[in-house]
Every structure is written in C-alpha cells, then in structure tokens.
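This report concerns only the one structure given below.
Below you can see the structure in the form of structure tokens.
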C-alpha cells in the first residue's frame, strides 16, 4: 500500500470511501452525509430555549431533532479521525498551522475565530444546497445526481478562490 | 357549518379522522421514532471508518499528486 509517513494515497482512500459508501447503502439504507446531523443537533439544543419555535419550523417537521444514524456517524467521524491522526503520528498539539502562521501570525484567537466562521458558513451553505461535501461530493456524486455534480464543481471553485484569497499563489 | 363535519367533499372522512389517520401513518412509517440501536451502532462504526480514512488522506503531501 502506497503511503507517505502516516498518510495514505488519496486514490486508495477514495476507492475505500466508495466501498464504504456502498456498505452504508446496503446495511443502513443511508448515504454518507454529515450536515443534516448538525441541523438536528441545533434543533435539539434550540428545543431547550424555544421549543415552540422548533415545533413551528417546517424544516423540523420533516427532519425531527433527535439522535439518529447520521448523528452517530458524525460522532464516529470525530473519533475515527483522532484514531487516524494518532496512528499516523500527526498529533502535534499545534493550534496554528505553519502556512497560516506565515500569512497571519501565530495568534490562536484569530485562527479559532476564522475556523469557526468558516465552519458556520459551510454549514449554512450545506443547508441551502441540501448537502455538504460528504452528502453531495461522495454519496450524491456516486449516484450520478446532477445536482450533486454541480455542487461538487462549486466546492472546488469555492475552495480555489478562498485558498488563493487567503494564501495567494 | 363546521368544517370538521363536512364529510361530503373529503370522501366521508372528518377532520378528526383525517388527523388520526395521518398520525397512524406517521407512526407506522417511523417518523418521530428514534433509530433502532443496531442502526445507531452501525452509524457509529461507519463514522469511525469514514473519519479514519479522511484523516489518513489529509496528510498526503500535495507534491505527490
């Protein structure tokens, strides 16, 4: 198996994720996807402070705020990613990546604030688009969904534009 | 005329009966029910594999593409 340090070839990982995606369809009848779980958790948290508001929102009539398959998938992703980093010797305790520090300095607060903002924007975009990089980019694309392929192209275009804006050439 | 008593235009079903049928359909279709423990466990296992694979790919150097 081709590897570099603790990392595996993206071509190999891509193939394995394809197999994994087929397994989720076969065993659970669900696509690999993450963003709806965030929306459900947001609904669960909002129910503590404004239960009537959650009840009235049409989105939560179709997507009930509860712990379900996809919520557990996201929990597993966090643990699995930690295991992957652990076994690859990638846990360095570094808060600010080198490329970021060279461009914006090594302040942790700015890095965390921008990361949070990026995550919030991504979550919003995923809800507007009806899926995220997993739901559209993996599950939707392998089902040859036209919308997913358009979304996939937009992910790359958006990523290139933002990367160039942040880091230059 | 109370709308819930107007059964002629709705196939002889009152509003209360329609709501009861809708609730029964929701229940039988699984809406509102938590996923089975087996499916929750499967979700966790699939997530573990997915996260592990994504992390393994993330550190691949761009010069090797």
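Residue numbers (our numbering), protein chains in the order written: chain A, 669 to 837; chain B, 56 to 120. The C-beta atom is built at its ideal place from N, Cα and C for all residues, glycine as well. Here the structure is a predicted model, which is why all the values come from computation and not from measurement.
Separation of residue j from residue i, as counted between CA atoms
i, j, result
"residue 756 of chain A", "residue 740 of chain A", "24 Å"
"residue 681 of chain A", "residue 691 of chain A", "15 Å"
"residue 684 of chain A", "residue 718 of chain A", "42 Å"
"residue 20 of chain B", "residue 733 of chain A", "In the structure as shown, chain B starts at 56 and stops at 120, and residue 20 of chain B therefore has no counterpart that could be examined."
"residue 688 of chain A", "residue 105 of chain B", "8 Å"
Residue i - DSSP class collapsed to helix/strand/coil
i, result
"residue 118 of chain B", "helix"
"residue 719 of chain A", "helix"
"residue 812 of chain A", "coil"
"residue 725 of chain A", "coil"
"residue 98 of chain B", "helix"
Same chain, Cβ closer than 7 Å to residue i, neighbours up to 5 away in sequence not counted
i, result
"residue 772 of chain A", "778"
"residue 704 of chain A", "731, 738"
Cutoff 8 Å; reference residue i; Cβ partners in own chain excluding five residues on either side
i, result
"residue 696 of chain A", "737"
Neighbour flag for residue i against chain A, beta carbons, 8 Å
i, result
"residue 114 of chain B", "yes"
"residue 98 of chain B", "yes"
"residue 71 of chain B", "no"
Sequence-distant residues of its chain with Cβ nearer than 6 Å to residue i (five each side left out)
i, result
"residue 840 of chain A", "Nothing can be reported for residue 840 of chain A, as the shown portion of chain A is limited to 669 through 837."
Interface flag, residue i vs chain B, CB-CB below 8 Å
i, result
"residue 733 of chain A", "no"
"residue 816 of chain A", "no"
"residue 692 of chain A", "yes"
"residue 768 of chain A", "no"
"residue 684 of chain A", "yes"
"residue 747 of chain A", "yes"
"residue 786 of chain A", "no"
Problem - Residues, ordered as in the chain, of the stretch 694-728 of chain A that lie near chain C by beta-carbon distance below 8 Å - result: Of the protein chains in this structure, namely A and B, none is chain C.
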